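Below: the structure, in structure tokens.
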Amino acid sequence: MNEIAACIYNSDIIILDFNSDEFYLIENNGDEIVDKDMIKESITLLGEYKMIFLNLTDAGQMPKQHILEERWSPKVPSLKSKNGFLLFFKLIWYGFKLKRISNRIIKDKWDFILNKKPKLKNKITHDKHLIISAYLWLIRKTFYLNNSKTDCIITSVALQHFLAHRGISSVLVLGVKTRPFFAHAWVEVEGVVINDDINLRKLLSVILEVGL
């Protein structure tokens, strides 16, 4: 898998190391202009983040605060069902599936997210918006059966897996900001954020996209 990814947020350079699940910052103090082309060229030519930091000075390393962490709870629509038993069964079923994905992410970290992408089923989707709304509702309800908080990366990866099973192509996106460092994951379908604020791309710098 790709070992590193980088982007610029307000002239600060952010580099993610997926192997160690760590991030590195080079903060701009306003007296220098960041050369985006130079950064891109350096990252392309140098395969290891340690080599990058031989060429980029004043890098701050914070390995104790990893990338895979909680951010904020997504906004999801309400959903009602006339069949209470069927709904209860689905909650249990998807609770197990989400727990399995959660365990894989905790165990394999970014290797699972980047290299174990779900296969897109060849299915005809008649009501894409209804399916998306149903999965958003199920994920939020089932996640709280296993955790007391909402983890954006786990719920977003699970959502991408569930949508792929129904033949819906999506993109898992990771955005970041600095001062303080902040990372958040969400899912987009046809270029639209479906499980969070629709303006996230304006608020954060996109550092990673995992599409199907």
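Taking this note's numbering, the leading residue of the sequence shown gets 1, the next gets one more, and so forth.
Built from N, CA and C at the ideal position, the CB exists for glycine as well.
All of these numbers come straight from a predicted model, not from anything done at the bench.
Continuous alpha helix (DSSP H) stretch holding residue i: start and end
i: residue 156; result: 152 to 165
i: residue 121; result: That residue, residue 121, is in no alpha helix (DSSP H); it is neither H nor E in DSSP.
i: residue 208; result: Premise fails: residue 208 lies in the beta strand (DSSP E), 205 to 211, not in any alpha helix (DSSP H).
i: residue 111; result: 110 to 115
Secondary structure of residue i, DSSP reduced to three states
i: residue 126; result: coil
i: residue 177; result: strand
i: residue 168; result: coil
i: residue 16; result: strand
i: residue 139; result: helix
i: residue 4; result: strand
i: residue 56; result: Residue confidence for residue 56 is low, a pLDDT of 48 falling below 50, so the modelled location carries little weight; the figure read from the coordinates is stated next. Note: residue 56 maps to coil in three-state DSSP.
Buried versus exposed, by CB contacts within 10 Å (16 or more), residue i
i: residue 96; result: exposed
i: residue 93; result: exposed
i: residue 203; result: exposed
i: residue 192; result: exposed
i: residue 194; result: buried
i: residue 198; result: exposed
Nearest-angstrom Cα separation, counted from residue j out to residue i
i: residue 14; j: residue 88; result: 43 Å
i: residue 76; j: residue 107; result: In this prediction, residue 76 has a pLDDT of 47, which is less than 50 and means its spatial position is unreliable; what the coordinates show is noted afterwards. Near 28 Å, if we compare the C-alpha coordinates of residue 107 and residue 76.
i: residue 163; j: residue 169; result: 7 Å
i: residue 172; j: residue 5; result: 15 Å
i: residue 205; j: residue 12; result: 11 Å
i: residue 123; j: residue 98; result: 22 Å
i: residue 207; j: residue 184; result: 10 Å
i: residue 188; j: residue 139; result: 16 Å
i: residue 141; j: residue 24; result: 35 Å
i: residue 153; j: residue 210; result: 12 Å
i: residue 100; j: residue 136; result: 17 Å
i: residue 109; j: residue 120; result: 22 Å
i: residue 133; j: residue 20; result: 34 Å
i: residue 180; j: residue 116; result: 31 Å
i: residue 214; j: residue 105; result: Examination of residue 214 is not possible in this model, given that the chain is present from 1 through 212 alone.
i: residue 196; j: residue 186; result: 7 Å
i: residue 102; j: residue 201; result: 25 Å
i: residue 16; j: residue 9; result: 13 Å
i: residue 91; j: residue 7; result: 38 Å
i: residue 167; j: residue 28; result: 44 Å
i: residue 161; j: residue 26; result: 34 Å
i: residue 3; j: residue 151; result: 23 Å
i: residue 165; j: residue 155; result: 15 Å
Run of the beta strand (DSSP E) containing residue i, from where it starts to where it stops
i: residue 25; result: 22 to 26
i: residue 190; result: Note, residue 190: premise wrong, no beta strand (DSSP E); not H, not E.
Residue i beta carbon near the ligand ZN (any heavy atom closer than 8 Å)
i: residue 5; result: Looking at this structure, you won't find the ligand ZN or any other ligand, since it has none at all.
Touch check for the segment 176 to 185 and the segment 125 to 143: three-plus C-beta pairs under 8 Å? In short, these stretches do not touch, since the Cβ pair count stays below three.
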